[in-house]
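There are 2 protein chains.
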Amino acid sequence: MARPRNFDRDHVLHAAERQFRTSGYNGTSVDDISAATGLGRGSLYGAFDGKHGVLLEAMTGYFARLAQGPRKMLAGPDEGALERLHAYLLRAVHGVPLAADVPPASDRAGAACFAAKMALEIGASDAEVKRLANDCFSVVRAAVAECVQAAQRNGDIDPDADPDDLAYLLLTIIRGTDVVGAYGHSPDRLTSIAESAFALLPRPRHR
Amino acid sequence: MARPRNFDRDHVLHAAERQFRTSGYNGTSVDDISAATGLGRGSLYGAFDGKHGVLLEAMTGYFARLAQGPRKMLAGPDEGALERLHAYLLRAVHGVPLAADVPPASDRAGAACFAAKMALEIGASDAEVKRLANDCFSVVRAAVAECVQAAQRNGDIDPDADPDDLAYLLLTIIRGTDVVGAYGHSPDRLTSIAESAFALLPRPRHR
DNA sequence: ACGTTTATTTACTGAACAGTCCGAAACCTA
DNA sequence: TAGGTTTCGGACTGTTCAGTAAATAAACGT
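Structure (C-alpha cells):
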C-alpha cells in the first residue's frame, strides 16, 4: 500500500546509458542524467543511489542485453556457422545497438561498446566497473568461440585452430574498431577491416 | 634579459600525460596537473593556456615520440621485415611506453595508447583531439604498411594481399588489446592474441 | 473519506572546480 | 648594484559539483 513508481526503470537506464556514452562518466553530471531521464535528483538517489549506482545498473542492463544479441545471431546449426560469424563480424564493427530494436548511434564514437568505454575511462580505479565490463566481454567471446567450433565441425575452419584463441582475436578486433571508429574513420573502412579479418580465418588444409 | 623558465617543458608534459592517462581528461583537475608537475596554476596557464592547452601539447609531444618508435623498430631491409613485424606486434600489445627509455606503465590500463584513450573519452566533442589522435594512428599505420610491403618483397607475405588493409587490421588489433588489457586480462593473454594474429598473416601460396 | 507509505520535487550545503590576479622572486643588462 | 622583465606560486572569485534533507504530491488499504 504505497505510491507506485512513476517512471520506467529500463527507460531511465537507457537514457542514462546514452548520456554516459556521449559524455563519458566523469563528463556527465547528475544534473545531466536528471535532464536526460526527466527524473529529479532526489528520485535518482532514491532509486539508484546516485551517479555511480546509475552507472552500475545501466551497465548491468547493458550486460543482459548484450548477452542476447550475439547469442541469437551466432547460435544455430553447424551448417552456416561461418556465414553467421561473417554477418556478426560485419555488424559488430559498426557499433553496439542501444537496444534490440534501436540501431547503433549515428556517430560511431557514441556507438562504441558501452562497457569498453567505461572500462577504459575509469576501469583502472573502479574494480566493479572493470569486472562488469569483463563480464560483457566474456559472454560475447564465449558465443563467438562456440560459433567457431560449429564452423570447425562443419569443416569451414581449420580444426587445428584453437577456437578460444580465435574468439579472443576476433573480439579484440571488434573492440579495436571502436577505437578506430572514434578516430573518425568511415563505416566503409570498418567494413573493410572486418572483411580482412574474416578473410584471414584459417581454412581447412585440404578441402 | 628576464627570468628564465624554471622547468623543463617536456618533463612537465610527460607528467601531465601520465596524469591524464591514469585519471582520464575529465577526471583530472588543474590541481592534479599542478601536483603532478610541480608547477603552480599561474605557470600552467601562462605556459600552456590551461587544462585543454596542456592536453593538446601533451598529445602533440606524444605524437612526435610515437612516430619515432615504430618507425625505428619496423624500418630496415626487406630481409627480416616479417621478424620485425612480429617483434613489434608482441611489444605493442603490452602498451605504449611513456618515453623512449621508460617502459609502459605496470598497470596495462595506464599503458593504453594515450591518443586512443583521449579520443574515446572526448573525441566525439573535441575535433582537435580527434584529429591529433587520428594522426597518431596514421603515422604508425603507415610504418606498419611499409614493413608489410617489405615482407612481401622478401616473399614472406602473400604478394596479393593489400598492405594497407593488413596494416589497418594489425593496428586495429593493437588498439583492441588496449581495451582487452583494460578489462584486466593478463599479459600472457595479450601475447597470445598477438601470436594468433601473426600466425594468421597470409603467407605466399607456393613457397 | 482518511491516514499511511512511498515517490517526487525543490532548496540547500560544503567541497571541488576552472580560471584570474597579484605580490614575490629570479634573472639579465648595464 | 639598480632597473626592467619575466616567471613563479599562492590566494581569490564565481560557478558547478555530488549528495542531503525537508516539503509536497500521489496512490493504496482500510
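Residue numbers (the UniProt record's numbering), protein chains in the order written: chain S, 1 to 207; chain U, 1 to 207. In this text, a Cβ means the ideal position worked out from N, Cα and C, and glycines have one as well.
Any C-beta of chain U under 8 Å from that of residue i
i: S/Asp160; result: no
i: S/Asn26; result: yes
i: S/Pro202; result: yes
i: S/Ser192; result: yes
i: S/Glu83; result: no
i: S/Leu89; result: no
i: S/Leu56; result: no
i: residue 210 of chain S; result: No answer is possible for residue 210 of chain S: the residues shown for chain S start at 1 and end at 207.
i: S/Arg205; result: no
i: S/Ile157; result: no
i: S/Glu79; result: no
i: S/Ile122; result: yes
i: S/Tyr168; result: yes
i: S/Ala36; result: no
i: S/Ala47; result: no
i: S/Gly176; result: yes
Residue i (DSSP reduced to helix, strand or coil)
i: U/Ala161; result: coil
i: U/Thr28; result: coil
i: U/Asp10; result: helix
i: S/Arg205; result: coil
i: S/Leu200; result: coil
i: U/Gly42; result: helix
i: U/Arg21; result: helix
i: U/Ser34; result: helix
i: S/Ala111; result: helix
i: S/Ala105; result: coil
i: S/Ala116; result: helix
i: S/Ala2; result: coil
Residue-level contact to chain S via CB, residue i, 8 Å cutoff
i: U/Lys51; result: no
i: U/Val139; result: no
i: U/Glu128; result: no
i: U/Thr172; result: yes
i: U/Ala109; result: yes
i: U/Thr22; result: yes
i: U/Leu74; result: no
i: U/Ala112; result: yes
i: U/Val144; result: no
i: U/Val179; result: yes
i: U/Tyr62; result: no
i: U/Asp165; result: yes
Residue nearest to residue i in terms of C-alpha spacing, selected from the options
i: S/Asp30; options: S/Tyr45, S/Thr22, S/Lys72; result: Reading off the sequence, residue 30 of chain S comes out as Val, not Asp. Closest option to S/Val30, Cα to Cα, is S/Tyr45.
i: S/Ala15; options: S/Ser34, S/Asn26, S/Gly27, S/Ala2; result: S/Ser34
i: U/Gly123; options: S/Gly27, S/Leu13, S/Arg9; result: S/Gly27
i: U/Ala47; options: U/Ala67, U/Lys72, U/Tyr62, U/Arg9; result: U/Arg9
i: S/Asp78; options: S/Ala105, S/Leu90, S/Asn154; result: S/Asn154
i: U/Arg5; options: U/Ser43, U/Leu13, U/Ser106; result: U/Ser43
i: S/Ala92; options: S/Lys51, S/Leu13, S/Arg71; result: S/Arg71
i: U/Phe198; options: U/Gly69, U/Ser186, U/Ile173; result: U/Ile173
i: U/Ala12; options: U/Gly40, U/Ala2, U/Gln152; result: It should be pointed out that residue 12 of chain U corresponds to Val in this sequence rather than to Ala. It is U/Gly40.
i: U/His185; options: U/Ala67, U/Asp107, U/Asp101, U/Asp49; result: U/Asp107
i: U/Gly80; options: U/Asp156, U/Pro104, U/Asp101; result: U/Asp156
i: U/Ser138; options: U/Pro159, U/Ala67, U/Pro103, U/Pro187; result: U/Ala67
i: U/Tyr62; options: U/Ala87, U/Ala151, U/Val140; result: U/Val140
i: S/Leu90; options: S/Met73, S/Ala100, S/Ala36, S/Asp101; result: S/Met73
i: S/Leu69; options: S/Ala151, S/Leu201, S/Ala100, S/Pro159; result: The question names Leu, but residue 69 of chain S in the sequence shown is Gly. When each option's Cα is compared against that of S/Gly69, the closest is S/Ala100.
i: S/Ala142; options: S/Leu85, S/Asp158, S/Pro103; result: S/Leu85
i: S/Arg203; options: S/Ser196, S/Gly76, S/Ala64, S/Pro159; result: S/Pro159
i: U/Pro104; options: U/Met1, U/Leu82, U/Arg205, U/Pro187; result: U/Pro187
i: U/Ala36; options: U/Thr60, U/Phe7, U/Asp49, U/Ala64; result: U/Phe7
i: U/Val102; options: U/Arg65, U/Tyr88, U/Glu83; result: U/Arg65
i: S/Gln152; options: S/Gly24, S/Leu201, S/Arg175; result: S/Leu201
i: U/Tyr25; options: U/Gly50, U/Ala75, U/Gly38, U/Met1; result: U/Gly50
Notebook entry, point to check: If we count Cβ pairs, one from each stretch, closer than 8 Å, do we get three or more for the segment 125-132 of chain U versus the segment 93-102 of chain U?
Noted result: Not touching, per the Cβ criterion.
Notebook entry, point to check: For the segment 161-174 of chain U against the segment 156-165 of chain S, are there 3 or more C-beta pairs whose distance is under 8 Å?
Noted result: Flag = no, the segment 161-174 of chain U and the segment 156-165 of chain S do not touch.
Notebook entry, point to check: Touching or not, the segment 16-24 of chain U and the segment 49-67 of chain U, by the rule of three or more beta carbon pairs under 8 Å?
Noted result: These segments touch.
Next item on the list: Take every Cβ of the segment 141-155 of chain U, pair it with every Cβ of the segment 190-198 of chain S, and state whether three or more of those distances are shorter than 8 Å.
Entry: By the Cβ rule, the segment 141-155 of chain U does not count as touching the segment 190-198 of chain S, because fewer than three pairs are nearer than 8 Å.
Check: Which residue spans inside the segment 120-189 of chain U form an unbroken alpha helix (DSSP H) run of at least 4?
Finding: Within the segment 120-189 of chain U, the complete alpha helix (DSSP H) segments of 4 residues or longer fall at 127-153, 163-182, listed in chain order.
Checklist line | Within the segment 48-102 of chain U, ranges of the alpha helix (DSSP H) (whole runs, at least 4 residues) | finding: Listed in chain order, they are 50-74, 81-92.
Margin query: I want to know whether the segment 132-146 of chain S touches the segment 108-122 of chain S - three or more CB-CB distances under 8 Å.
Written below: Yes: at least three Cβ pairs fall under 8 Å.
Item checked: Cβ contact check for the segment 105-115 of chain S and the segment 173-192 of chain S: 3 or more pairs under 8 Å -> Yes, the segment 105-115 of chain S is in contact with the segment 173-192 of chain S.
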